[in-house]
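Protein chains in written order, with the numbering used here: chain A, 1 to 615; chain B, 1001 to 1471. Even glycine gets a Cβ: it sits at the ideal position worked out from N, Cα and C. Accompanying notes for the structure given below.
Okay, structure coming up:
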């Protein structure tokens, strides 16, 4: 029997990871808890232990791949596992079934909750976009091909310029997905698709003019005959009755099932609206602010008596039900079983994928507070372009800094510290630090200085809670240090800086930087910071304006020290000057405080005794 | 002062009582209203159950005749019609009585009476004992079923013209009988009377029996059933019926008719069933009815009145008891707040003639109509050991598969026991089994169920009991 090892859960909201190293190959013996691979999530590197044992049969992943949670990483041959697969008697299988079904609903709930949170965010983020949205008309052609036409756009508007076509042949479109952006004299309009399916042909291009009623594209439909796709005609499987009935005499039937009731005025808009309001549709997206063509309520037997199994996703009834419960369209889920059969785990994996995409759609293309990303121009017009996917670190950095930049009102205060004396001390005591395994750098000293400064100016060690109109003052002093690595910027955090001496700090800093460069930092070692130091002195430059590492409220930038002529006691003397840049969150820190804080740091550097005195 | 209930069920058939029982199990306060003394509906009182009891008898009689081939001779059976009738009734009473008890045990308020909607929140109930009361409800499920279709122009007010209810009443065994309509009701009841000694004629307007079912299966049935019938008139219409005292004079219209007029002692009109959506006040609600008389519902079985649901025959084809039960459960689960839809992959259909005909999922007819590419594998029962021991090699088992994924899309079976065998097909279709799954599942020998496995093997050209030369 082959057993599969799948990538286990890695933590909240983590759905995939970059594979750094695979430590096994086919033929190897693995045992439980043996580390089989090394992966990297947003910022942490994780060693993944095996949960199964046996001889490795197949390895489905290699370094450089992205691995998804739940993905099969490798399989082992295990002769002793037969028992597990076949329940030995009725009771055990029953137990299994019942425990499974119980687990299912709990799991379902969990997934719904997590997905709904995402949706909530999505709704909030969507709101500022107040462009008119109109549903295109669809018409069914034979064989499930549906023509999507440009809908009515308003009075006297017969044409529109196509700004952008967002689908191309072969794409999967979902109902309500925006497929076209057009511009009339009056407005830019996003046209959503009214059907789901695979795009067959696209008939318009950006820059063209499209007329109302013109076929924009065709879609090969997969499921649910669209409500616009023609009148009833649904003849479900067990036809006997209906067809006999029809066969006997149609006119008679018409007479019998007579029309009085037909004549009653139907008010589909009201009904369907009411229905939407009253039907508890957990899974479906809520709050659609769209013009839905009210001709036909989304209802009725014609649509539903679909018992044609070739139109029903290849999944067991329990799986279909589970998908519905968590709001996943089973028809969209790729199946991993024979004949494309969809398992519960396929649904879960897909659900995670969807959540992730929704999240990314929310975060990645938006700059901080919901500013939509601008469309990039087609650079290839001007020359060769190479496209590379962002690494997880890069993506996270981009998202985080965009957020910080957009939400924190930044002010940067500049200053210079005379470190001539400090430099002498550093040289004198450097050996001692080295003997203990540390390196007495300016940053290590600054850690101590900053800790004292934070104690003196507690608002620099706080966070802003805008939701509750509160300021959170932290009574611990954890200082992050930005480290430049070949994978990008990482910020290990030195904890309880105030309780450690400079030698200890230098040792720890050295160790952390080493870990960061060797990808050994754990997630924990990068969390819990209350202030950040970023030192670019090793590279050069005078001043720069660092971005506050939100939710912290200040960051100290350090540049390269230089000898400068300083006018002291009536003459210019060469002094070693260190340029410092303090960026802070102006919501909570006033300009005067900023200047005072930096001045305090400069004084402390210049007169180390001050630290002992006041810090 | 009106009484109040959480859920009112109108109609106590297999849809209504299944829904009521589940609702009670889920903790709802349920009122079930039906005209009969106990739940059961047409299925138990005048449909599935009594007809199957009689078909069981018919089969026994047929087998005593067939057995002469095997060296066992029986004399003509003596039929005690009263005893047979009371046995049939005892079957019905046992079942419906049992449902009555189940209903009580679940603390369901069962009202024998006729319910009418006064508005979307209130029913007026005329009880059988004459009392009238109003009942307000949070939710209601309409499960009023269907009635035998009647053709007004042909409907004579004569005791000689009966519908399925009259046929099942088993008042007498006529010398001869005309069955109008070659659908499953006509063929099942025609078979019963034929076995009891009546000369049965069947007239069907379309060119074949069981319109809608796959022809390959119908052909087997027709071949087997025709010798037992006096005549099977296809592509023939009944244009006139007249009670001439000694019988009903029927005028036919069709090609190749030997006699345009014939006289029958009894005429059974079984031309289908009509949804029962009238006469109980849905016009006082927003509930809508479609052109064919079905109540319009969405995939949650919800009507245009959001707190009123409709299930079973009245809510659309196919008019089958098991479909009604399944829908009833979906409706109740929705009322209970679950996100559930009625979207089965397969609803089985069974015709309890001899041989039985059963199918589920996709049929070849549908595949053709909808341009769905399928691969069909057939296993003739001539190659089945079990069928041979029964001297019933006339059956066939077939599977419809997606040629690419090899997924089982449908199954059709003709032969004794087809109705029992089809469930494996339903499971296969619902579970999205592929042909290999069926071929690899070990089936017991010697049984008819082996034919399912072997049909899957036929798909791969590797059936043990069929040799197919390599091409």
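Counting the other Cβ atoms within 10 Å of the Cβ of residue 1251 of chain B gives fewer than 16, which makes it exposed.
In this structure, B:1333 is the residue among B:1235, B:1333, B:1165 and B:1460 with its C-alpha nearest to the C-alpha of residue 1140 of chain B. Bounds of the alpha helix (DSSP H) holding residue 510 of chain A are 502-517. Going by beta carbons, residue 1414 of chain B and residue 1357 of chain B fall inside the 8 Å limit. DSSP places residue 385 of chain A outside both helix and strand once states are collapsed to three, so it counts as coil. Here residue 527 of chain A has 493 as same chain residues with Cβ atoms under 8 Å from its own Cβ, once five neighbours each way along the sequence are excluded. A Cβ-Cβ distance of about 4 Å is found for the pair residue 413 of chain A and residue 594 of chain A, placing them in contact under the 8 Å criterion. Distances from the alpha-carbon of residue 1402 of chain B to those of B:1233, B:1215, B:1377 and B:1222 put B:1377 closest. Proximity of the region 1332-1349 of chain B to the region 321-338 of chain A meets the contact definition, three or more beta-carbon pairs being nearer than 8 Å. Distance between residue 1194 of chain B and residue 1062 of chain B, taken at the CA atoms: about 10 Å.
DSSP places residue 473 of chain A inside the beta strand (DSSP E), whose first and last residues are 470-473.
Close to residue 1100 of chain B, with beta-carbon spacing below 9 Å, lies no residue of chain A; the smallest spacing is near 29 Å.
Between residue 1411 of chain B and residue 1360 of chain B, the gap from beta carbon to beta carbon is short of 8 Å. Within 8 Å of the CB of residue 1410 of chain B, the CB atoms of chain A belong to 309, in sequence order along the chain. With a cut-off of 8 Å on Cβ pairs, the region 1083-1092 of chain B is not in contact with the region 1002-1018 of chain B, counting fewer than three such pairs.
Counting the other CB atoms within 10 Å of its CB gives residue 1280 of chain B a total of 16 or more, which places it among the buried residues. The beta carbon of residue 1070 of chain B lies closer than 8 Å to those of 1391 in the same chain, with the five residues before and after it left out. The three-state secondary structure of residue 1216 of chain B, taken from DSSP, is helix. Under DSSP, residue 315 of chain A takes part in a beta bridge, and its partners are A:342. If one requires a minimum length of 3 residues, the beta strand (DSSP E) runs lying completely within the region 1205-1292 of chain B are 1231-1233, 1236-1243, 1248-1254, 1261-1264, 1266-1269 and 1273-1275, in chain order. Residue 1453 of chain B sits in a helix when the DSSP states are folded into three classes.
With a threshold of 8 Å between beta carbons, residue 312 of chain A makes contact with chain B. Between the region 1422-1438 of chain B and the region 1228-1235 of chain B there are fewer than three C-beta pairs closer than 8 Å, too few to call the two in contact. Listed along chain B, the residues sitting closer than 8 Å to residue 315 of chain A by beta-carbon distance are 1432. Residue 1138 of chain B does not reach chain A, its nearest Cβ partner there being about 12 Å away, counting only Cβ pairs nearer than 9 Å. In the structure shown, residue 410 of chain A falls within a strand segment according to DSSP collapsed to helix, strand and coil. For residue 578 of chain A, the closest alpha carbon among the candidates A:566, A:592 and A:561 is that of A:561. Listed along chain B are 1405, each with a C-beta nearer than 7 Å to that of residue 340 of chain A.
Between the C-alpha atoms of residue 472 of chain A and residue 491 of chain A there is a straight-line separation of about 22 Å. A residue is called buried once 16 or more other Cβ atoms fall within 10 Å of its Cβ, and residue 382 of chain A, having fewer, is exposed. Among the residues facing chain A, residue 1121 of chain B is not included, as its CB has no counterpart in that chain under 8 Å away. Counting only the Cα atoms, residue 1181 of chain B lies some 16 Å from residue 1153 of chain B. Scanning the region 412-489 of chain A for uninterrupted beta strand (DSSP E) segments of 3 residues or longer gives 462-465, 470-473, 479-481 and 483-485, listed from N- to C-terminal end. If you look at residue 308 of chain A, you'll find it isn't in any alpha helix (DSSP H); DSSP assigns it neither H nor E. Under the 8 Å Cβ criterion, the region 1022-1038 of chain B counts as touching the region 1096-1106 of chain B, having at least three qualifying pairs. Residue 179 of chain A has its alpha-carbon roughly 6 Å from the corresponding atom of residue 167 of chain A.
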